[in-house]
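One structure is given below, encoded as structure tokens.
2 protein chains.
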Amino acid sequence: MDRTARRPDSRYGNRPTMKDVAARAGVGLKTVSRVVNGEPGVTPDTERRVQEAIEALGFRRNDSARVLRKGRTASIGLVLEDLADPFYGPLSRAVEEVARAHGALLINGSSAEDPEREQELVLALCARRVDGLVVIPAGDDHRYLEPEIAAGVATVFVDRPAGKIDADVVLSDSFGGARDGVAHLIAHGHRRIGFIGDQPRIHTAAERLRGYRAAMEDAGTAIEDAWMSLGVTDPVRVRKAAEDMLAGPDPVTAIFAGNNRVTVTVVRVLSEVDRPVALVGFDDIELGDLLRPGVTVVAQDAAQLGRTAAERLFRQLDGVSVVPERIELPTRLITRGSGELPPAD
Amino acid sequence: MDRTARRPDSRYGNRPTMKDVAARAGVGLKTVSRVVNGEPGVTPDTERRVQEAIEALGFRRNDSARVLRKGRTASIGLVLEDLADPFYGPLSRAVEEVARAHGALLINGSSAEDPEREQELVLALCARRVDGLVVIPAGDDHRYLEPEIAAGVATVFVDRPAGKIDADVVLSDSFGGARDGVAHLIAHGHRRIGFIGDQPRIHTAAERLRGYRAAMEDAGTAIEDAWMSLGVTDPVRVRKAAEDMLAGPDPVTAIFAGNNRVTVTVVRVLSEVDRPVALVGFDDIELGDLLRPGVTVVAQDAAQLGRTAAERLFRQLDGVSVVPERIELPTRLITRGSGELPPAD
DNA sequence: CCCGCATCTGACAACGTTGTCCAGGGCCTA
DNA sequence: TAGGCCCTGGACAACGTTGTCAGATGCGGG
């Protein structure tokens, strides 16, 4: 008895191939290929027969084989921190739209802010031979990407610069935005201003902290340690940080929140405090205009970041740009009330 | 003179292949394959030599070729409406996590609520030979998927059922949720309750409308045409619809909003109205607890939807389940104030 | 009527990987 | 020392597609 199966591995449930279509249509393999790809040199009659066979068999070209042959996958990868974060949704969508306009699919993955996972994801995408990568870096050493870039994988970093390699990067002006936001508070009479932000190893967090410091310095105000809380974004610790700043004999009269998650929690805390405390947040938050007071924010345009990065990526793929560039997009201060509150004391 | 290039198409910038690695390490091609895949039967010394060659050349296995040979891509597709919608971010992330746990990558695309684009995307994903598909359908006819499913592409629909084919589907209890939400308003004394929702051709919208009708009927209240606005989600038209309901001699005293986008706009409108109008929205909205009054919502768990669907998908891929099933997840009424306001008159 | 040309078609190799199968060599045992 | 077995390594085909190139077919003009 023959134990060997006709097909050793069941594969795609025995999908029809061009060969099958060719057999059914009574034409050559290459003719089917021509029809499928809309290449010229096929008589209408032959084309019709092939089309019928395709319909009848439910044939669908195997892009894996196509990729293997052609070398281009028409897909790009996007590695970001967390798709569930409202900041990244629009960014991802913007990248997708640009990709779509260039006929490419988007594969994306979340690094969960873990450098190891970022690398793992990026390399997995490279193994799929994506044509290009848009990366929002979690780590700060991207030398592992050098062979990939050398091999022709277009790469653009977004939101934070690459570490230890020279690559295109598109970011928001975190420094300027934070400085303006803090200056806004100062202009409204505040001096004791708290800062709650992420770990300074994250570029944007460091830049925003730098902006905070610069604005305070411009105003000639010495910053007290108790006003700063770094490396804190989870709700529990942000809450504690905010409450600490607001307690004691000499509390802050205003808070600058380093990103959208921090802002949201600070809003919660402030809603429970009986005296008015001013607030400016980095990143816009949904419904920020409907709160009372409305939340004044330094807004960055996530979609524009994504769009710019993706366009830059495809320009690389078209072989246009070669010199890595750093593109910085301006932020926008949106005043809604919370940042215009005067000091409470 | 020879005009033909050494390599006709430049391809991946001449990436090293296993052959190159083998040559450099002085071993056979298959031995490299064994090392790369961690297969047994390679002496430590040989393995070391191969590893060194891999490092030196920056070799990365070409997964396209691997896929072609093995038949499984270890990737799944997710087609949703709009990644920028806060409802889909967590859903997508949940699917990704499950995929990751099964060693698969996630390719996702936005249909923009366009049936044609949905089909285009799905077929593109099938051409990539994704192992499975999670689809949030935009269209209502999915017979085009029949050959794919027959060919072994695992498929799960989420949020809305498939049209004209029998397939797994995971959804929220839109009918029950909407009925409960409206009943909640009725329990607080409302009778003239407006409904603003999406086009009834969308399953969830139809179900929510049905829930609204059922609750009203249970209360013995005849619905007036002026109370209902269907097929309306963009801010401008929602605003107009809400304003219309609130104007006139006999305005509604409460509004049931059919999804998160509608809710947000209705909140905006209500914040401009001088009398209190009750509101219950379908879908939770961020910061809904911080508004005054807090927004009472019928919440669905987007992440749980995604997780359930993805797990079901991988169960299909493991060949466990065969009979298409319909899984309905309960919704949860979250009372925060806006739904408990009494009628204004 | 035949030749030449243009148009259409198909055979074949190659893409980079993995599965199958066989060869060679070392080691243990009789 | 010879025989057999196990362990390691490599040659080869195949996956489904596309590029190359040459053959077939048909048509018009000389």
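If you read the protein sequences in the order shown, they are chains R and E. Each residue of the first sequence is one higher than the last, beginning at 1 in UniProt numbering. Each residue of the second sequence is one higher than the last, beginning at 1 in UniProt numbering. For each residue, glycine too, the CB sits at the ideal point set by N, CA and C. In this text, all values refer to a predicted model and were calculated from it rather than measured experimentally.
Q) Which first and last residues belong to the beta strand (DSSP E) in which residue 154 of chain R is found? A) As a working note, residue 154 of chain R is residue 154 in the first sequence. Counting along the chain, the beta strand (DSSP E) containing residue 154 of chain R begins and ends at 154-158.
Q: Report the rounded CA-to-CA distance for residue 295 of chain E versus residue 338 of chain E, giving the unit in angstroms.
A: Indexing the second sequence from 1 puts residue 295 of chain E at position 295. Indexing the second sequence from 1 puts residue 338 of chain E at position 338. Taking the straight line joining both Cα atoms gives about 5 angstroms.
Q) Would DSSP call residue 308 of chain R helix, strand or coil? A) Position 308 of the first sequence, counted from the start, is the residue given in the question as residue 308 of chain R. Of the three classes helix, strand and coil, the one that applies to residue 308 of chain R here is helix, per DSSP.
Q) Is it buried or exposed for residue 48 of chain E, if we count other Cβ within 10 angstroms and need 16 for buried? A) The residue you call residue 48 of chain E lines up with position 48 of the second sequence. Under this definition residue 48 of chain E is an exposed residue.
Q.
Which residues does DSSP list as the beta-bridge partners of residue 110 of chain R?
A. Counting from one through the first sequence, the residue named residue 110 of chain R turns up at place 110. Beta-bridge pairing links residue 110 of chain R to R:80.
Q.
Taking the alpha-carbon of residue 347 of chain R as reference, which of R:272, R:35, R:281, R:57 has the nearest alpha-carbon?
A. Examination of residue 347 of chain R is not possible in this model, given that chain R is present from 1 through 345 alone.
Q) Which of the three DSSP states, helix, strand or coil, is assigned to residue 16 of chain E? A) Position 16 of the second sequence holds residue 16 of chain E. Here residue 16 of chain E sits in coil by DSSP.
Q: Closer than 8 angstroms by beta-carbon distance: list the chain R residues that pair up with residue 285 of chain E, in chain order.
A: The sequence position of residue 285 of chain E within the second sequence is 285, counting from 1. Correct list: 286, 287.
Q: Spell out the partners DSSP gives residue 228 of chain E in its beta bridges.
A: Counting from one through the second sequence, the residue named residue 228 of chain E turns up at place 228. Paired residues: E:195.
Q) Can you give, in chain order, each stretch of the alpha helix (DSSP H) that sits fully within the region 238-303 of chain E and has at least 4 residues? A) 260-272
Q. Can you find a CB in chain R that lies within less than 8 angstroms of the CB of residue 129 of chain E?
A. One-based indexing of the second sequence puts residue 129 of chain E at position 129. It does: the Cβ of residue 129 of chain E has a partner Cβ on chain R nearer than 8 angstroms.
Q | Cα-Cα separation, residue 193 of chain E to residue 158 of chain E | A | The residue labelled residue 193 of chain E in the question sits at position 193 within the second sequence. The residue labelled residue 158 of chain E in the question sits at position 158 within the second sequence. Approximately 29 angstroms between the Cα atoms of the pair.
**Q.** Host alpha helix (DSSP H) of residue 326 of chain E (start-end)
**A.** For the purposes of this step, residue 326 of chain E is taken as residue 326 along the second sequence, with counting starting at 1. No alpha helix (DSSP H) holds residue 326 of chain E; the beta strand (DSSP E) holding it covers 326-329.
Q) How many Å lie between residue 43 of chain R and residue 37 of chain R at the Cα? A) Within the first sequence, the letter at position 43 stands for residue 43 of chain R. Within the first sequence, the letter at position 37 stands for residue 37 of chain R. Going by the C-alpha atoms only, they are around 14 angstroms apart.
Q: Could you check what DSSP says for residue 61 of chain E in three-state terms: helix, strand or coil?
A: What you label residue 61 of chain E is simply residue 61 of the second sequence in a count that begins at 1. In the structure shown, residue 61 of chain E sits in coil (DSSP, three-state: anything other than H, G, I, E or B).
Q. Shorter than 8 angstroms from the beta carbon of residue 136 of chain E to some beta carbon of chain R?
A. One-based indexing of the second sequence puts residue 136 of chain E at position 136. No, its Cβ sits nowhere closer than 8 angstroms to a Cβ of chain R.
Q. Taking the alpha-carbon positions, what's the residue 121 of chain E to residue 111 of chain E distance?
A. For this step, residue 121 of chain E is matched to residue 121 along the second sequence. For this step, residue 111 of chain E is matched to residue 111 along the second sequence. Note on geometry: alpha-carbon atoms of residue 121 of chain E and residue 111 of chain E lie some 7 angstroms from one another.
Q: Identify whether residue 337 of chain R lies in helix, strand or coil by the three-state DSSP scheme.
A: Stepping through the first sequence from its first residue, residue 337 of chain R is reached at position 337. Residue 337 of chain R: strand per DSSP, three-state reduction.
**Q.** Neighbour flag for residue 58 of chain E against chain R, beta carbons, 8 angstroms
**A.** In the second sequence, residue 58 of chain E corresponds to position 58, counting from 1. Answer yes: the Cβ-Cβ gap between residue 58 of chain E and chain R drops below 8 angstroms somewhere.
Q: Using only alpha-carbon positions, find the residue among R:115, R:342, R:170, R:100 that is nearest to residue 145 of chain R.
A: Working through the first sequence from its first residue, we reach residue 145 of chain R at position 145. If we check each option's Cα against that of residue 145 of chain R, R:115 comes out closest.
Q: Determine the contact status of residue 90 of chain R and residue 309 of chain R, defining contact as a CB-CB distance below 8 angstroms.
A: One-based indexing of the first sequence puts residue 90 of chain R at position 90. One-based indexing of the first sequence puts residue 309 of chain R at position 309. No. Outside cutoff.
Q) Can you name, in chain order, every residue of its own chain whose Cβ lies under 8 angstroms from the Cβ of residue 329 of chain R, other than the five neighbours on each side? A) Taking the first sequence and counting its residues from 1, one reaches residue 329 of chain R at position 329. Cβ within range, chain order: 170, 171, 172, 173, 300, 301, 304, 305, 308.
Q.
Along the chain, where does the alpha helix (DSSP H) containing residue 218 of chain R start, and where does it finish?
A. If you number the first sequence from 1, residue 218 of chain R lands on position 218. Note, residue 218 of chain R: alpha helix (DSSP H), 203-218.
Q. From which residue to which residue does the beta strand (DSSP E) around residue 170 of chain E run?
A. Here the question's residue 170 of chain E lines up with position 170 in the second sequence. The continuous beta strand (DSSP E) containing residue 170 of chain E extends over residues 168-172.
Q.
So with CB distances below 7 angstroms, who are the chain E contacts of residue 93 of chain R?
A. Translated into the one-based positions of the first sequence, residue 93 of chain R becomes position 93. What residue 93 of chain R touches in chain E: 82, 83, 84, 110.
Q. Is it buried or exposed for residue 199 of chain E, if we count other Cβ within 10 angstroms and need 16 for buried?
A. What you label residue 199 of chain E is simply residue 199 of the second sequence in a count that begins at 1. With fewer than 16 other Cβ atoms from the protein chains shown falling within 10 Å of its own Cβ, residue 199 of chain E counts as exposed.
Q: List the residues of chain R that residue 62 of chain E touches, going by C-beta distances under 8 angstroms, in chain order.
A: Position 62 of the second sequence, counted from the start, is the residue given in the question as residue 62 of chain E. Within 8 angstroms Cβ-Cβ: 68, 127, 129.
Q) Is the region 313-328 of chain E in contact with the region 238-255 of chain E, if contact means three or more CB pairs nearer than 8 angstroms? A) no
Q: Compare the C-beta of residue 292 of chain R with all C-beta atoms of chain E and state if any pair is closer than 8 angstroms.
A: As a position in the first sequence, residue 292 of chain R is number 292, starting the count at 1. Chain E, which has a Cβ nearer than 8 angstroms to the Cβ of residue 292 of chain R, makes this yes.
Q) So which residues of chain R does residue 123 of chain E contact, with C-beta pairs closer than 9 angstroms? A) For this step, residue 123 of chain E is matched to residue 123 along the second sequence. Within chain R, the C-beta atoms nearer than 9 angstroms to that of residue 123 of chain E come from 60, in chain order.
Q: Determine the closest residue to residue 213 of chain E out of E:176, E:270, E:98, with distance taken between C-alpha atoms.
A: Start at 1 with the first residue of the second sequence, and residue 213 of chain E comes out as number 213. Of E:176, E:270, E:98, the residue nearest in Cα terms is E:176.
Q. Which residues in chain E sit within 8 angstroms of residue 106 of chain R, going by Cβ to Cβ distance?
A. The sequence position of residue 106 of chain R within the first sequence is 106, counting from 1. Neighbours of residue 106 of chain R on chain E, chain order: 107, 108, 109.
Q.
Determine, for residue 65 of chain E, whether the minimum Cβ-Cβ distance to residues of chain R falls below 8 angstroms.
A. By 1-based counting over the second sequence, the position of residue 65 of chain E is 65. At least one chain R Cβ lies under 8 angstroms of residue 65 of chain E.
Q.
I'd like to know whether the C-beta atoms of residue 87 of chain R and residue 178 of chain R end up nearer to each other than 8 angstroms.
A. Start at 1 with the first residue of the first sequence, and residue 87 of chain R comes out as number 87. Start at 1 with the first residue of the first sequence, and residue 178 of chain R comes out as number 178. No, the pair does not count as a contact, with Cβ atoms beyond the cut-off.
Q: Can you grab the Cα-Cα spacing for the pair residue 32 of chain E / residue 17 of chain E, in whole Å?
A: Indexing the second sequence from 1 puts residue 32 of chain E at position 32. Indexing the second sequence from 1 puts residue 17 of chain E at position 17. The straight-line gap from Cα to Cα measures roughly 10 angstroms.
Q. For residue 53 of chain R, which residues of its own chain have a beta-carbon under 7 angstroms away from its beta-carbon, when the five flanking residues on both sides are left out?
A. To locate residue 53 of chain R, count along the first sequence from 1; it is residue 53. Closer than 7 angstroms at the Cβ level, and outside the excluded window around residue 53 of chain R, lie 21, 24, 25.
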